[in-house]
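In terms of my numbering, the sequence shown is numbered consecutively and its last residue is 306. Notes follow the structure.
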Amino acid sequence: MEDVKKVLLTKSKRARMEQRGKLISFLCIALIVLVVISIFFFVASKGLATFFVDKINVFDFLFGSDWNPSQLGPDGKPMVGALPMIAGSFIVTFLSAIVATPFAIGAAVFMTEISPKNGTKILQPVIELLVGIPSVVYGFIGLSVIVPAVRSFFGGTGFGILAGTFVLFIMILPTVTTMTVDALKSVPRYYREASLALGATRWQTIYKVVLRAAVPGILTAVVFGMARAFGEALAIQMVIGNAALMPSSLTTPASTLTSILTMGIGNTIMGTVENNVLWSLALILLLMSLFFNIVIRMIGKKGALK
């Protein structure tokens, strides 16, 4: 009986391997969580130093329009108004998403509903090619093609929100298109069959059934594209003009959070006001990334409930 009891209580080789696999998975997840928390803590500690160490007013930082950290303003404090960069980031992000969404939905509908075979053969390689192009290449294309075109058709120097919008539109289009294709493919086939059986035309089925059923997935794709556009640095830096001024029109030079960060972070000394305010801009970027992720999860849960 003791031998039988011992055999029954002894874990098998598969059970030991499963337990070992669970332990490894837990350690990997714990490491990822630790890295994310460490990054957030590091950026937050640097970014909040502007307000707790340098005693900069939060409202003056978020809503001030004068950006020149190396100089003092009339109140005797550094001029660190970040509103021009925040406004520039939001404007160029929303405009690029507005321009990219119709093209992405049209391409996705063509690939899934109109001509799946030809769409996959023609558009899929193009989308994959656009995804693989580095940001600096997009920046050079924008600098040599889009900026002169904007200058010729709309006037001004060519640098500004409009040029940045076109560059980001091209950059986020593959992301939004791919995710929209997945959303349309996830719509059950019997939705289409039921609509056609009731006498609806092909376009009515696409417009009133397929697209409406895929709305949560399409919204997730748009928000994901906006998250990428908001955090893009190099390409937008090359075409927007990098002027820390409130955008007065689409064709005047402007700036974004990422463009000011990439230009200034290497030219400041750690611990100074000039360096701390740049970390504060980085903290805003991090919080906006967190916000976009929360929105994506909310949209996903809403779609799952349906």
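C-beta: ideal position from N, C-alpha, C; glycine also.
- Distance from the CA of residue 43 to the CA of residue 110, rounded to the nearest whole angstrom, comes to 43 Å.
- When DSSP states are grouped into helix, strand and coil, residue 31 belongs to the helix group.
- Judged by their CB atoms, residue 179 and residue 93 are not nearer to each other than the 8 Å cut-off.
- Taking residue 247 as reference, the option from 90, 101, 119 with the minimal CA-CA separation is 90.
- Per DSSP, residue 216 lies in no beta strand (DSSP E) segment; the continuous alpha helix (DSSP H) that holds it begins and ends at 215-231.
- Per the coordinates, the alpha-carbon of residue 279 lies some 28 Å from the alpha-carbon of residue 166.
- Assigned with DSSP and collapsed to three states, residue 289 falls in helix.
- For residue 74, the three-state secondary structure derived from DSSP is coil.
- Annotation: residue 209 to residue 189 spans about 11 Å, alpha carbon to alpha carbon.
- The Cβ atoms of residue 299 and residue 216 sit closer than 8 Å to each other.
- Assignment of residue 53 by DSSP, reduced to helix, strand and coil, places it in the coil class.
- Assigned with DSSP and collapsed to three states, residue 111 falls in helix.
- Secondary structure remark: continuous alpha helix (DSSP H) runs of at least 4 residues inside the region 253-284, in chain order: 257-264.
- 8 Å or more divides the Cβ of residue 142 from the Cβ of residue 250.
- Residue 84 sits in a helix when the DSSP states are folded into three classes.
- Rounded to whole angstroms, the separation of the alpha carbons of residue 201 and residue 195 is 8 Å.
- In the three-state reduction of the DSSP assignment, residue 247 falls in the coil class.
- Rounded to whole angstroms, the separation of the alpha carbons of residue 70 and residue 104 is 44 Å.
- Inclusion of residue 86 and residue 284 in the CB contact set at 8 Å is warranted, their separation being smaller than that value.
- At a Cβ-Cβ threshold of 8 Å, residue 88 and residue 256 count as neighbours.
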